[in-house]
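Residue numbering for the sequence shown follows the numbering used here, beginning at 11 and increasing consecutively. For reference, the structure discussed in these notes is given below.
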Amino acid sequence: MFVKKEVNGTDCSSLISSHFPDEKKRGLWLVGNCEISGSIDKSDTHGQMLVIENGAFALNGTFIFNGLVYHKVDATDTSVASSIKSFWQEKQNDNTVYKPYITSDTVGVQFYSSTPNGGLVIDTKGGKSTLVGDMNLNFNAGYRPTFLKGAYTWKKGAWRDF
11 MFVKKEVNGT DCSSLISSHF PDEKKRGLWL VGNCEISGSI DKSDTHGQML
61 VIENGAFALN GTFIFNGLVY HKVDATDTSV ASSIKSFWQE KQNDNTVYKP
111 YITSDTVGVQ FYSSTPNGGL VIDTKGGKST LVGDMNLNFN AGYRPTFLKG
161 AYTWKKGAWR DF
């Protein structure tokens, strides 16, 4: 079950840290600009999902997460693009760590010393994400979030059906 929350340029570190210890909460869906500015260690979680939708995603810290992180942005939407642009303008003034990586189409800048163990999906139509740092990209299917009972099967006529 997802919990959906509106965020707007806030430090999402404590929100993420306080949400995931409860194993009944399988996902956190954040709408808006989100910055993680500290260390998050959710190595005790299993099969969680974090979604950041239609906002900038800024990460400057250690992020250990046993689940899937999905950054979804439609930067062709003018209101979304305007909000993201304002977020990065503030970051350029407040925090120079992001400054060299910010361009007119930036939607994400992540400084990693680790990465989510269930996967990282960057779906940023019309935008650019920059990953900086020492990354160990692992995909562990055991940390993949599952919300429905049953199994996934191939559907004839689906994408790449050759």
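Built from N, CA and C at the ideal position, the CB exists for glycine as well. These numbers come from a predicted model, not from an experiment.
Distance, residue j Cα to residue i Cα
i: I46; j: I112; result: 17 Å
i: D104; j: I74; result: 26 Å
i: G137; j: T116; result: 6 Å
i: E63; j: G118; result: 11 Å
i: D51; j: G77; result: 12 Å
i: N127; j: I94; result: 27 Å
i: K82; j: C44; result: 12 Å
i: G48; j: N70; result: 7 Å
i: M141; j: H29; result: For the sequence presented, residue 141 should be read as Leu rather than Met. Their Cα atoms are separated by approximately 25 Å.
i: T88; j: G42; result: 14 Å
i: S114; j: S27; result: 31 Å
i: D21; j: T106; result: 16 Å
When the options are compared against residue i, the one with the closest alpha-carbon
i: I132; options: S93, S123, G65 and S96; result: G65
i: N18; options: S96, F149, T88 and P110; result: S96
i: T72; options: D144, K15, G143 and S123; result: S123
i: L40; options: T140, S114 and E16; result: E16
i: Y153; options: G37, K109 and S28; result: G37
i: W98; options: T88, S89 and K109; result: K109
Buried versus exposed, by CB contacts within 10 Å (16 or more), residue i
i: V13; result: exposed
i: A151; result: exposed
i: Q58; result: buried
i: S24; result: exposed
i: F149; result: exposed
i: G143; result: exposed
i: S139; result: buried
Cβ-Cβ separation, residue j to residue i (assumed contact under 8 Å), whole Å
i: Q102; j: F67; result: That belief does not hold up - the Cβ atoms of Q102 and F67 are roughly 16 Å apart, past 8 Å.
i: K135; j: A91; result: Rounded, the Cβ-Cβ distance is 11 Å, inconsistent with contact.
i: L130; j: V79; result: 5 Å
Inset, instruction - Return the chain-ordered ranges of every beta strand (DSSP E) run that is complete within the segment 67-95 and spans a minimum of 3 residues. - result: Within the segment 67-95, the complete beta strand (DSSP E) runs of at least 3 residues fall at 67-70, 73-75 and 77-84.
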